[in-house]
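Undergrad: This note's numbering numbers the first residue of the sequence shown as 1 and each following residue consecutively.
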Amino acid sequence: MIEAANRLQTVEEYYFSKKLREVNLLIASGKPVINLGIGSPDMQPPKKVLSAISASFENPIAHKYQSYQGLPELRDAISRFYKAHFSVNLSPSTEILPLMGSKEGIMHISMAYLNEGDEVLIPNPGYPTYQSVTKLVGAKGVLYELDEGNNWMPDFRALEKLDLSKVKLMWVNYPHMPTGAKPSKIVFEELVAFGKRHNILIVNDNPYSFILNDSPKSILSVEGAKDVCLELNSLSKTFNMAGWRVGMVMGASAHINNILKVKSNMDSGMFYGIQKGAIEALKCSNMWFATLNNVYQERRNLVWQLADALNCTYDKDASGLFVWAKLPAYLKSEEFIDLVLKENHIFITPGTIFGTKGEGYIRFSLCASTEVLEEAIARVK
Numbered sequence: 001m002i003e004a005a006n007r008l009q010t011v012e013e014y015y016f017s018k019k020l021r022e023v024n025l026l027i028a029s030g031k032p033v034i035n036l037g038i039g040s041p042d043m044q045p046p047k048k049v050l051s052a053i054s055a056s057f058e059n060p061i062a063h064k065y066q067s068y069q070g071l072p073e074l075r076d077a078i079s080r081f082y083k084a085h086f087s088v089n090l091s092p093s094t095e096i097l098p099l100m101g102s103k104e105g106i107m108h109i110s111m112a113y114l115n116e117g118d119e120v121l122i123p124n125p126g127y128p129t130y131q132s133v134t135k136l137v138g139a140k141g142v143l144y145e146l147d148e149g150n151n152w153m154p155d156f157r158a159l160e161k162l163d164l165s166k167v168k169l170m171w172v173n174y175p176h177m178p179t180g181a182k183p184s185k186i187v188f189e190e191l192v193a194f195g196k197r198h199n200i201l202i203v204n205d206n207p208y209s210f211i212l213n214d215s216p217k218s219i220l221s222v223e224g225a226k227d228v229c230l231e232l233n234s235l236s237k238t239f240n241m242a243g244w245r246v247g248m249v250m251g252a253s254a255h256i257n258n259i260l261k262v263k264s265n266m267d268s269g270m271f272y273g274i275q276k277g278a279i280e281a282l283k284c285s286n287m288w289f290a291t292l293n294n295v296y297q298e299r300r301n302l303v304w305q306l307a308d309a310l311n312c313t314y315d316k317d318a319s320g321l322f323v324w325a326k327l328p329a330y331l332k333s334e335e336f337i338d339l340v341l342k343e344n345h346i347f348i349t350p351g352t353i354f355g356t357k358g359e360g361y362i363r364f365s366l367c368a369s370t371e372v373l374e375e376a377i378a379r380v381k
């Protein structure tokens, strides 16, 4: 038997990869399971995006290898998008790198900056991939706790008490997933100052900034942020293009060049047609965001009703593609979602997959139609 690499002993199969097999078995056995666990947008991208990819097929260069740095016009579109929506100036030629999804960027950034034994500040609760990728590259994750009492923001007093001598990178994710907490400019300014004091690269993962959020923010809007910050973003949630795998990383040219050294050895460029579609998406007017959020607002109202029926509490000021709900004090997250799956055939994500600070919470996805959500409410009631 040929043994797997030692690094695989540090990580487990992704939770949703395992749990969805269980859900699919229930469906195959005739159980009408409603999936409110996954944040995979169920609506269509803008029509002009679909038209752009269709039209691209006839272009003579469409099926050739593409640039590792993406089409110049795609980088121009990203630059204009950031200027228009975040008031951030970015050089299309040196400060932007398109990615095949922002999840790819987490690995690329980690490989570009982390040596074995380096330490990484990781939010708890937070996106599980930060932890797993840190382990895969041989670095050590240092969890920093977020809690409801501080609106899920970093506790800088607690951070300053840590031994930061080996910390090289810090993951932040605002608007926050899974809680939906929105950042203030002050929090971003404190993060930039913290990174500069301790020579730590701060990476803000920012794919939820336009979902049920009236004031999108970028950490790169803070003066001097490019010295110590990178930002990841994605078209997956904002434009219903999750399967297209289009993301981007932005920051100072030196950082972008380091990431490019990794990326250029791992793929051969993004498909031309997908890039053309992404360009059209980034040109969308504010009417697109208003229409999208009208749908999500209606769905969120129904999810709040579902949470009420399950005796949960939640923050109505939160943003994003999910509702983060607190269970009654005596209930455990995984036991609760297994019970709801068994009795009501509804799959909800347990907060514990995002870290120990997620115990006592569950997460509902808004990626289901109003008809499906009404059915879920009826099953619980």
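Backbone N, C-alpha and C define an ideal beta-carbon position, used for all residues, glycine too.
Bridge partners for SER234 per DSSP, in chain order?
TA: In DSSP, SER234 forms a bridge with GLY247.
Undergrad: Check THR94 in the structure and name its three-state DSSP category.
TA: coil
Undergrad: Could you tell me whether the Cβ atoms of GLY251 and LYS217 are closer together than 7 Å?
TA: no
Undergrad: Can the beta-carbon of GLU321 be found closer than 7 Å to that of LEU366?
TA: The question names Glu, but residue 321 in the sequence shown is Leu. Yes; because the gap between Cβ atoms is below 7 Å, this pair is in contact.
Undergrad: Suppose you measure from the CA of VAL142 to the CA of GLN9; what does that come to, to the nearest Å?
TA: 19 Å
Undergrad: Measure the alpha-carbon distance for ASN173 versus ALA5 and round it to whole angstroms.
TA: Cα to Cα, the separation comes out at about 30 Å.
Undergrad: Extract the residue ranges of the beta strand (DSSP E) inside the region 320-351, only unbroken runs of 3 or more that lie entirely within it.
TA: 322-326
Undergrad: Within 10 angstroms of its Cβ, does GLN66 collect 16 or more other Cβ (buried), or is it exposed?
TA: buried
Undergrad: Can you say whether VAL295 is buried or exposed, counting buried as having 16 or more other CB atoms within 10 angstroms of its CB?
TA: exposed
Undergrad: Give the DSSP-derived three-state secondary structure of PRO123 in the structure shown.
TA: It is a strand residue.
Undergrad: Expressed to the nearest angstrom, what Euclidean distance is found between the alpha-carbon atoms of GLU116 and TYR130?
TA: 16 Å
Undergrad: Is the separation between the beta-carbon of VAL187 and that of MET241 shorter than 7 Å?
TA: No; because the gap between Cβ atoms is not below 7 Å, this pair is not in contact.
Undergrad: So what does DSSP say about ASN89, is it helix, strand or coil?
TA: coil
Undergrad: Excluding sequence positions up to five away, which residues of its chain have a Cβ less than 8 Å from the Cβ of LYS316?
TA: TRP304
Undergrad: Within its chain, find whatever has a CB closer than 6 Å to the CB of ILE78; leave out the 5 residues flanking it on each side and keep chain order.
TA: These residues qualify, in order along the chain: ILE96, MET248.
Undergrad: Let me know if PHE194 comes out buried or exposed under the rule of 16 or more other beta-carbons within 10 Å of its beta-carbon.
TA: buried
Undergrad: Among MET111, GLU148, GLU145, whose alpha-carbon lies nearest the alpha-carbon of GLY138?
TA: MET111
Undergrad: Mind checking whether SER56 and LYS276 have CB atoms under 7 Å apart?
TA: yes
Undergrad: Please name the residue in GLN69, LEU20, GLU12, LYS48 whose C-alpha comes closest to that of VAL262.
TA: GLN69
Undergrad: Where does MET266 land, buried or exposed, given buried means 16+ other C-beta within 10 angstroms?
TA: exposed
Undergrad: Which residues share a DSSP beta bridge with SER365?
TA: PHE322
Undergrad: Report all residues from its chain with a CB closer than 7 Å to the CB of SER268; omit the five preceding and five following residues, and keep chain order.
TA: TYR65
Undergrad: What's the gap between the Cα of GLU375 and the Cα of MET270?
TA: 40 Å
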